[in-house]
Ligand SMILES: NC(=O)c1ccc[n+]([C@@H]2O[C@H](COP(=O)([O-])OP(=O)(O)OC[C@H]3O[C@@H](n4cnc5c(N)ncnc54)[C@H](OP(=O)(O)O)[C@@H]3O)[C@@H](O)[C@H]2O)c1
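Residue numbers (the numbering used here): 859 to 1108.
Okay, here's the thing in structure tokens:
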């Protein structure tokens, strides 16, 4: 069978754990080169070194250094010549009561989840050759359309991402570029571990409460959807927000 996607250079922002690492494995297994970004250098190097079929690269970087994103992309392009796809898997999941939601906290969430995302899209899209296809996938969240107490900053940042992607899709369609978001519900990544430590088995709880009747979503399944959106088979999908809802009603 012909692989969905192969021999592409994919910039993977947030690639050392969780959904991002599942995407990295999925892409590497199909013979693509992963250009991974995360803050913790040792963890990122270990993650990239564990991928099959070599050629992958690790760039330790904090996306909050927004003014340095352009320089980072130029360094990456010097080494890898072109970027065929980008996946934005970074997320600041800060949850806070209104009384604790300072403008600094709000800004930090918007910086990681929204401003830096737009800057990556801007630079990667501007650097590509006109006829070269580019596929961009961002991991949003069901939180953007499904209100939860204390998720004000996180939900707003993801809703901003969703809205921006719809506008960007219209602009970038002339430039042979597709851009889409995936909206997962609760995914079984390390991020949930602290929640399980505080509240017990989340999988059982979200099933029993009816919040997400199918339970926690495996990150490898989300990776498959990301891989599809990066592939030529998704060339006619842009500006979409695809739900990955575990049976939730939205
Ligand atoms: N897990 C869920 O239930 C769920 C549900 C819906 C949506 N999502 C979204 O899915 C995405 C991934 O979530 P996840 O659960 O897979 O998270 P995760 O396991 O915490 O992984 C996040 C990745 O991003 C990197 N990262 C975080 N902050 C960064 C920064 N400022 N600069 C550069 N890299 C950074 C992390 O490495 P370093 O820490 O070393 O930087 C790591 O590689 C997020 O956007 C999240 O909002 C998750």
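We treat Cβ as the ideally placed atom computed from N, Cα and C, and that holds for glycine.
Take the Cβ of residue i as the centre, count every other Cβ of all protein chains shown within 10 Å, and call the residue buried at 16 or more, exposed below.
i, result
"residue 952", "buried"
"residue 933", "exposed"
"residue 1016", "buried"
"residue 982", "buried"
"residue 1036", "buried"
"residue 1070", "buried"
"residue 1012", "buried"
"residue 1090", "exposed"
"residue 869", "buried"
"residue 1047", "buried"
"residue 1001", "buried"
Based on the DSSP output, what are the partners of residue i in its beta bridges?
i, result
"residue 1045", "1075"
"residue 1121", "Nothing about residue 1121 can be read from this structure; the chain reaches only from 859 to 1108."
"residue 971", "DSSP, once it has assigned bridges, lists no residue as partnering residue 971."
"residue 867", "891"
"residue 1037", "994"
"residue 814", "No information on residue 814 is available, as it lies outside the stretch 859 to 1108 that the chain covers here."
"residue 1018", "DSSP lists no partner for residue 1018."
"residue 917", "895"
Would you mind giving the Cβ-Cβ distance between residue i and residue j, rounded to the nearest angstrom? I have them listed as a contact below 8 Å.
i, j, result
"residue 918", "residue 899", "4 Å"
"residue 1003", "residue 969", "Not quite, the Cβ-Cβ distance comes to about 22 Å (not below 8 Å), so this is no contact."
"residue 1078", "residue 880", "5 Å"
"residue 1022", "residue 877", "Not confirmed; about 20 Å, so no contact."
"residue 1043", "residue 992", "Going by Cβ atoms, the distance from residue 1043 to residue 992 rounds to 28 Å, so no, they are not a contact pair."
"residue 915", "residue 894", "7 Å"
"residue 871", "residue 948", "5 Å"
"residue 863", "residue 1085", "6 Å"
Quick one: is the Cβ of residue i within less than 8 Å of any heavy atom of ligand 2?
i, result
"residue 995", "Within the structure as shown, ligand 2 is missing, the only ligands being ligand 1."
Near residue i, which residues of its chain fall below 7 Å by C-beta distance, leaving aside the five closest residues on each side in sequence?
i, result
"residue 975", "946, 996, 1019"
"residue 1099", "998, 1020, 1039, 1041"
"residue 931", "981, 982, 985"
"residue 959", "1010, 1011"
"residue 887", "910"
"residue 1065", "1071, 1073"
"residue 1076", "1046"
Could you name the residues of the same chain whose beta carbon sits closer than 6 Å to that of residue i, not counting the 5 residues immediately before and after it, in chain order?
i, result
"residue 1034", "991"
"residue 1050", "1060"
"residue 977", "924, 927"
"residue 1026", "1037"
What does a CB cutoff of less than 8 Å around residue i pick up in its chain, not counting 5 residues either side in sequence?
i, result
"residue 940", "867, 986, 987, 990"
"residue 1057", "1063"
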